[in-house]
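A.B. asks: Numbering of the sequence shown is given in the working numbering, commencing with residue -6 and proceeding in unit increments. Ideal placement from N, C-alpha and C gives every residue a C-beta, glycine not left out.
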Amino acid sequence: MQEVLNTIFQKFNLNMIHGGMVSISSVKVTTDLLEARVYLSFFQVADAKEALKKIQERSGEIKRELGNSVRQQLRRIPEIKYFRDETLDHVFKMEELFKQINSERKDDKNSEP
-6 MQEVLNTIFQ
4 KFNLNMIHGG
14 MVSISSVKVT
24 TDLLEARVYL
34 SFFQVADAKE
44 ALKKIQERSG
54 EIKRELGNSV
64 RQQLRRIPEI
74 KYFRDETLDH
84 VFKMEELFKQ
94 INSERKDDKN
104 SEP
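1) Put residue 70 into one of helix, strand or coil per three-state DSSP.
2) Which class does residue 20 belong to by DSSP, given the choice of helix, strand or coil?
3) Please report the straight-line C-alpha distance between residue 1 and residue 95, rounded to a whole angstrom.
4) From the DSSP output, read off the bridge partner residues of residue 9.
5) Closest to residue 12 by C-alpha separation, out of 88, 68, 61, 41, would be which residue?
6) What are the boundary residues of the beta strand (DSSP E) that residue 63 is part of?
7) Confirm, please, whether the CB-CB distance from residue 28 to residue 74 is below 8 Å.
8) Is the distance from the Cβ of residue 78 to the Cβ of residue 33 below 8 Å?
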């Protein structure tokens, strides 16, 4: 399902929004196949909330296209819900913290007699 949704996002130009890149980090489908939770990662998107809203506004089109693509495999197309995956944000924060710690260690070593 993730591959199909990636193709749909490319088709509708939803993979590039507000000068940044949007990617589907994961798709989790409930056991009853009635709901699909799509986790989106935003890279250098100026306003991630606005980008998520834009994607949600086109949810009907996305679901229709998904139905056309997987109708042979599924009886019912799941409701699609979109969530922001903040893993990438956490990675960048951790990298900044490590840089800061390393910088402070270098400063401490240079200041010792």
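C.D. replies: So, from the data block:
1) coil
2) Three-state result, residue 20: strand.
3) Approximately 43 Å between the Cα atoms of the pair.
4) 14
5) Among 88, 68, 61, 41, the Cα nearest to that of residue 12 is on 41.
6) Unbroken run through residue 63 is the alpha helix (DSSP H), 52 to 63; no beta strand (DSSP E).
7) yes
8) yes
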